[in-house]
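Everything below concerns the one structure shown next.
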Amino acid sequence: MKRIRWAHIFAGLITAVIVFAFIAAVPAEDWLVAWRHGTMFWVLGGFLAAVLGWLIYFLLGRPEQLRIAIKQAKEELREREGLFHKLSEAAFEGFVIAEKGNILEVSPEFARLFGYEPSEMIGMNATELVVPDCRDVVMKKIAQNNEQSYEADAVRKDGSTFTLEAQGTIAFYYGKTVRITAVRDITERKLVEKELTEHRENLEEQVTWRTDQVKEQARIIDQIHDSVISTDLGGSIVSWNKGAERLFGYTVKEALGRPITLIYSPDKLQFRRDRIIAPLMEKGGHEVEVCLRRKNGEDFFAHMSLSLLYDEAGNTKGMIGYAMDITDRKKTEIALEAAKEEAERANRAKSEFLSNMSHELRTPMNAILGFGQLLEMEKESSLTPVQTEYIQEILKAGYHLLDLINDVLDLSKIESGHLELKVETLNVSQLVAECIAQIVSTLAHTGQISVDNRAVDPALYLHADQTRFRQILINLLSNAVKYNREGGTVTVDNTVGPEGRVRISVTDTGKGIAKEQLEKLFHPFERLEAKNSLIEGSGIGLSVAKRLVDAMGGAIGVESTLGKGSTFWFELPMAPV
Numbered sequence: 025m026k027r028i029r030w031a032h033i034f035a036g037l038i039t040a041v042i043v044f045a046f047i048a049a050v051p052a053e054d055w056l057v058a059w060r061h062g063t064m065f066w067v068l069g070g071f072l073a074a075v076l077g078w079l080i081y082f083l084l085g086r087p088e089q090l091r092i093a094i095k096q097a098k099e100e101l102r103e104r105e106g107l108f109h110k111l112s113e114a115a116f117e118g119f120v121i122a123e124k125g126n127i128l129e130v131s132p133e134f135a136r137l138f139g140y141e142p143s144e145m146i147g148m149n150a151t152e153l154v155v156p157d158c159r160d161v162v163m164k165k166i167a168q169n170n171e172q173s174y175e176a177d178a179v180r181k182d183g184s185t186f187t188l189e190a191q192g193t194i195a196f197y198y199g200k201t202v203r204i205t206a207v208r209d210i211t212e213r214k215l216v217e218k219e220l221t222e223h224r225e226n227l228e229e230q231v232t233w234r235t236d237q238v239k240e241q242a243r244i245i246d247q248i249h250d251s252v253i254s255t256d257l258g259g260s261i262v263s264w265n266k267g268a269e270r271l272f273g274y275t276v277k278e279a280l281g282r283p284i285t286l287i288y289s290p291d292k293l294q295f296r297r298d299r300i301i302a303p304l305m306e307k308g309g310h311e312v313e314v315c316l317r318r319k320n321g322e323d324f325f326a327h328m329s330l331s332l333l334y335d336e337a338g339n340t341k342g343m344i345g346y347a348m349d350i351t352d353r354k355k356t357e358i359a360l361e362a363a364k365e366e367a368e369r370a371n372r373a374k375s376e377f378l379s380n381m382s383h384e385l386r387t388p389m390n391a392i393l394g395f396g397q398l399l400e401m402e403k404e405s406s407l408t409p410v411q412t413e414y415i416q417e418i419l420k421a422g423y424h425l426l427d428l429i430n431d432v433l434d435l436s437k438i439e440s441g442h443l444e445l446k447v448e449t450l451n452v453s454q455l456v457a458e459c460i461a462q463i464v465s466t467l468a469h470t471g472q473i474s475v476d477n478r479a480v481d482p483a484l485y486l487h488a489d490q491t492r493f494r495q496i497l498i499n500l501l502s503n504a505v506k507y508n509r510e511g512g513t514v515t516v517d518n519t520v521g522p523e524g525r526v527r528i529s530v531t532d533t534g535k536g537i538a539k540e541q542l543e544k545l546f547h548p549f550e551r552l553e554a555k556n557s558l559i560e561g562s563g564i565g566l567s568v569a570k571r572l573v574d575a576m577g578g579a580i581g582v583e584s585t586l587g588k589g590s591t592f593w594f595e596l597p598m599a600p601v
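Counting in our numbering, the sequence shown runs from 25 upward without gaps.
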């Protein structure tokens, strides 16, 4: 409800009194006016009274209206200023009002942003709030009255810097033309932007690098002579290099999108499922030799190497295969296989012939040796010394021939697969001593050779066939004696290797063996320098020894130094005590 305005009521009363007084002072006949129709009424008096009343009311009431209007305007101004301050205090941005760069007023947030009290900033020049490098830019923006936002590096009262965003506009403030500028601290945003920019640049570099890498890989794959093909999980071809074009005859356009069964003959599809796809899915990679088909219908042999392809999440997305034409190699292999079978047949025939001949030779040889021994034992015979010497030569040659026959029989048994072994636990020191005693009694006296037995550990056992162990060791001992120098030494020793094998070594002090000759030692019928040697031998003994050691799960070898001698050794599995 509006307030009662007493000034208006007072002016109205005064006006009414003056009007009535004026009317009373004028004679009644002067108020009468005759209308042309004859009707008479007080027109002039009423009109004059109204005009006079309005003038008095206006003169008395107008100043009061002006006073009230001014009062209302001041109240509205105070309300707006209060609202401005409240908005300034509550806003995220700070505000500054400046005239020609000189600060007239700042919001509390603006002052806090720079580390000042609001009163401290009044009178400062706005350029003092930015770093020197940015002052020219800020002054230029102010001079141009530019209302676009801009960024600048600002400096706080304590000297620390930060990045702000500012946007200003021209306004009138208490009769002055000023610039009101809103600012915002965007330091964190700039840091985030910088990180995002660096991240984007890094990603762009990675994408560029990856793109270049993919192009390079594609170029390399295209340069591969052989076929490289990849498919999706459904078996559709998704990549096809130039090698595949050459190998199969299909162009990239013809191959892409078609099923991989395109390169298989219909009769190989089941083989593909069972021998290629199934192992590939189980192991993730697979290699196989398979018959494939070209565009012209020609079948050929290929070696394929396949692997599964995975996406970034580790899920299978397809497969990739490398295929190489091996038709020529396959033909060679088939020819070699046929030649191998033929050679094996010939070898078996040779072994059978040698075995049969050896058996046939042993019978008359045993007869010759038997009768020779009878003649030698005949003490009272009429044989002359010369005849006795002849009989000894016959026996010597006979025994040598019998050894040769036995070696040939052993070799033929091994090559034909008819060798039988009886593996048992044997005491090393006992067997070595027995073999040394046997060889010393027959050969050592011929060249005054001494034997040094160091294999005397009674607790050392091994797994072997006893007869074949004796045969191997006696062969090595015989060679060490035969090829030793006069007055030389044969040393027998044993050691235990890291693989749980017992090594028996036989070392002589002979002239040694040249390095280039060592490879031939264990080949049958290979006698080194046999033409220039008076020493008897067949060239089979070491070959038989190697095969016997291999058959018992061991190894055999030699080390030799020219002018100093040789060491032959063989290893057999050790037996626990």
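Cβ atoms here follow ideal geometry from the backbone N, Cα and C, with glycine treated the same way.
Fair warning: this is a prediction, and the values are worked out from it, not measured in the lab.
#### Entry: Residue of Ile-463, Ile-564 and Leu-188 minimising C-alpha distance to Glu-117
Within the sequence shown, residue 117 is the residue found at index 93, counting from 1. Measuring from the Cα of Glu-117, the nearest candidate turns out to be Leu-188.
### Query
For Leu-145, is the classification buried or exposed, using 16 other Cβ atoms within 10 angstroms of its Cβ as the cut-off for buried?
Mapped onto the sequence shown, residue 145 falls at position 121. Per the sequence presented here, residue 145 reads as Met, with Leu not at that position. Label assigned to Met-145: buried.
### Task
Name, in chain order, the residues that DSSP records as bridge partners for Ile-121.
In the sequence shown, the residue the question calls residue 121 occupies position 97. DSSP output for Ile-121 lists Glu-129 and Ile-204 as bridge partner(s).
### Query
So which of Glu-510, Ile-463, Pro-482 and Ala-483 has the shortest CA-CA distance to Arg-494?
Within the sequence shown, residue 494 is the residue found at index 470, counting from 1. The candidate whose alpha carbon is nearest that of Arg-494 is Ile-463.
### Query
Could you give the uninterrupted runs of the beta strand (DSSP E) lying entirely in the region 445-482, keeping only those of 3 residues or more?
The region 445-482 contains these whole beta strand (DSSP E) runs: 447-451 and 474-477.
#### Entry: Rounded straight-line distance, which links the Cα of Val-432 to that of Thr-591
Looking up residue 591 in the sequence shown gives position 567. Looking up residue 432 in the sequence shown gives position 408. Rounded to the nearest angstrom, the two C-alpha atoms are 25 Å apart.
### Task
Can you have a look at Phe-395 and say buried or exposed, based on whether 16 or more other CB atoms are within 10 angstroms of its CB?
If you number the sequence shown from 1, residue 395 lands on position 371. Answer is exposed; the Cβ neighbour count stays below 16.
### Task
Grab me the residues of Ser-329's own chain with a C-beta within less than 6 Å of its C-beta, minus the 5 sequence neighbours each way, in chain order.
Taking the sequence shown and counting its residues from 1, one reaches residue 329 at position 305. Excluding sequence neighbours, Ser-329 sits near Glu-311 and Tyr-346.
### Task
Could you check what DSSP says for Leu-558 in three-state terms: helix, strand or coil?
For the purposes of this step, residue 558 is identified with residue 534 of the sequence shown, where counting begins at 1. Summary for Leu-558: the model assigns pLDDT 46, below 50, so the residue's position carries little reliability, and this model does not support an answer.
#### Entry: Inter-residue Cα distance where the pair is Thr-531 and Lys-354
Counted from its first residue, the sequence shown places residue 531 at position 507. Counted from its first residue, the sequence shown places residue 354 at position 330. C-alpha separation (whole angstroms): 48 Å.
### Query
Near Asp-335, what residues of its chain come up, given a Cβ to Cβ distance below 7 Å and the 5 sequence neighbours on each side ignored?
The residue labelled residue 335 in the question sits at position 311 within the sequence shown. Excluding residues within five positions, the ones whose Cβ falls inside 7 Å are Lys-341.
### Message
Closest to Asn-499 by C-alpha separation, out of Leu-443, Glu-523, Asp-427 and Gly-147, would be which residue?
### Response
For the purposes of this step, residue 499 is identified with residue 475 of the sequence shown, where counting begins at 1. Answer by Cα proximity: Asp-427.
### Task
Helix, strand or coil for Gly-422, going by three-state DSSP, please let me know.
Here residue 422 refers to the residue found at position 398 of the sequence shown. Gly-422 falls in the helix class under three-state DSSP.
### Message
Which residue wins for smallest C-alpha separation from Ala-450, given the options Ala-176, Arg-492 and Ile-253?
### Response
Along the sequence shown, one-based indexing puts residue 450 at 426. Looking at the sequence itself, residue 450 is Leu, so the reference to Ala does not match. The shortest C-alpha to C-alpha distance from Leu-450 to any of Ala-176, Arg-492 and Ile-253 is the one to Arg-492.
### Task
Please state whether DSSP places Glu-144 in a helix, a strand or coil.
Along the sequence shown, one-based indexing puts residue 144 at 120. Under the three-state reduction of DSSP, Glu-144 is assigned to helix.
### Message
Taking 8 Å as the limit between beta carbons, can you name the residues of its chain near Met-163, skipping five residues before and five after?
### Response
Sequence index remark: in the sequence shown, residue 163 carries index 139 (1-based). Excluding residues within five positions, the ones whose Cβ falls inside 8 Å are Gly-125 and Thr-151.
### Message
Here's the rule I'm using: 16 or more other beta-carbon atoms within 10 Å means buried, otherwise exposed. How should Arg-296 be labelled?
### Response
In the sequence shown, residue 296 corresponds to position 272, counting from 1. With 16 or more other Cβ atoms within 10 Å, it is buried.
### Message
Cutting at 7 Å between CB atoms, please list the residues of its own chain near Lys-319, excluding the five before and the five after it.
### Response
Here residue 319 is taken as the residue at index 295 of the sequence shown, counted from 1. Cβ neighbours of Lys-319 beyond the five flanking positions: Phe-272, Gly-273 and Tyr-274.
### Query
alpha helix (DSSP H) containing Glu-171: first to last residue?
Here residue 171 is taken as the residue at index 147 of the sequence shown, counted from 1. Unbroken run through Glu-171: none, as it is neither H nor E.
### Task
Name, in chain order, the residues that DSSP records as bridge partners for Gly-345.
For the purposes of this step, residue 345 is taken as residue 321 along the sequence shown, with counting starting at 1. Answer is Ile-253 and Leu-330.
### Cβ neighbours of Leu-586 in the same chain (closer than 8 Å, five flanking residues each side left out)
In the sequence shown, the residue the question calls residue 586 occupies position 562. Excluding sequence neighbours, Leu-586 sits near Lys-535, Gly-536, Ile-537 and Ala-538.
### Query
Whose C-alpha, out of Val-475, Lys-506, Val-452 and Ser-502, is nearest the C-alpha of Leu-484?
Looking up residue 484 in the sequence shown gives position 460. Looking at the Cα atoms, Val-452 is the closest of the given residues.
### Task
Check whether the Cβ atoms of Val-262 and Leu-280 sit closer than 9 Å, and answer yes or no.
Taking the sequence shown and counting its residues from 1, the one referred to as residue 262 is at position 238. Taking the sequence shown and counting its residues from 1, the one referred to as residue 280 is at position 256. A contact, by the Cβ cut-off of 9 Å.
#### Entry: Cβ shell of Ser-474 (< 6 Å), same chain only, five flanking positions each side left out
The residue given as residue 474 occupies position 450 in the sequence shown. Thr-513.
#### Entry: Cα-Cα separation between Phe-324 and Thr-351, rounded to whole angstroms
Here the question's residue 324 lines up with position 300 in the sequence shown. Here the question's residue 351 lines up with position 327 in the sequence shown. Approximately 6 Å, taken between the alpha carbons.
### Message
Let me check understanding here. Comparing Cα to Cα, which of Gly-565, Leu-137 and Ile-121 lies closest to Asn-149?
### Response
Walking along the sequence shown from the start, residue 149 turns up at place 125. Selected option, being the one with the closest Cα: Ile-121.
### Query
Under three-state DSSP, which class holds Phe-592?
The count along the sequence shown starts at 1 and reaches residue 592 at position 568. In this structure, Phe-592 counts as strand in the three-state DSSP scheme.
### Query
Under 9 Å between the Cβ atoms of Ile-19 and Tyr-198?
Only positions 25 to 601 of the chain appear in this structure, which leaves residue 19 out of reach.
### Query
Given Leu-393, which residues of its chain have a CB within under 8 Å of its CB, disregarding the five upstream and five downstream residues?
Residue numbering aside, residue 393 sits at position 369 when the sequence shown is read from its first letter. The answer, listed in chain order, is Leu-419, Gly-422, Tyr-423 and Leu-426.
### Message
Taking a contact to mean a Cβ-Cβ separation below 9 Å, would you say Ile-460 touches Phe-594 in this structure?
### Response
For the purposes of this step, residue 460 is taken as the residue at position 436 of the sequence shown. For the purposes of this step, residue 594 is taken as the residue at position 570 of the sequence shown. Result no, Cβ atoms of Ile-460 and Phe-594 do not sit closer than 9 Å.
### Query
Thinking just about the alpha-carbon of each residue, which of Thr-408, Ile-415, Asn-390 and Glu-417 is nearest to the one in Ile-429?
In the sequence shown, counting from the first residue as 1, residue 429 sits at position 405. Ranking Thr-408, Ile-415, Asn-390 and Glu-417 by Cα distance to Ile-429 puts Asn-390 first.
### Message
I believe Glu-525 touches Pro-597 by the beta-carbon criterion, under 8 Å. Please report the beta-carbon distance rounded to the nearest angstrom.
### Response
Here residue 525 refers to the residue found at position 501 when the sequence shown is read from its first residue. Here residue 597 refers to the residue found at position 573 when the sequence shown is read from its first residue. Going by the sequence as given, residue 525 is Arg instead of Glu. With 8 Å as the limit, Arg-525 and Pro-597 qualify as a contact, their Cβ atoms being about 6 Å apart.
### Nearest-angstrom beta carbon gap, Leu-445 and Met-576 [assumed within contact, 8 Å]
Here residue 576 refers to the residue found at position 552 when the sequence shown is read from its first residue. Here residue 445 refers to the residue found at position 421 when the sequence shown is read from its first residue. Confirmed, about 6 Å.
### Query
Cβ of Ala-178 within 9 Å of Cβ of Gly-192?
For the purposes of this step, residue 178 is taken as the residue at position 154 of the sequence shown. For the purposes of this step, residue 192 is taken as the residue at position 168 of the sequence shown. Taking 9 Å as the Cβ cut-off, Ala-178 and Gly-192 do not qualify as a contacting pair.
### Query
Roughly how far, in whole angstroms, is the beta-carbon of Ile-344 from the beta-carbon of Leu-435, given that I think they are within contact range, below 8 Å?
The sequence position of residue 344 within the sequence shown is 320, counting from 1. The sequence position of residue 435 within the sequence shown is 411, counting from 1. Rounded, the Cβ-Cβ distance is 51 Å, inconsistent with contact.
### Message
Beta-carbon within less than 6 Å of Arg-208's beta-carbon, same chain only, minus the 5 sequence neighbours each way: which residues are those?
### Response
For the purposes of this step, residue 208 is taken as the residue at position 184 of the sequence shown. Excluding residues within five positions, the ones whose Cβ falls inside 6 Å are Glu-117 and Glu-189.
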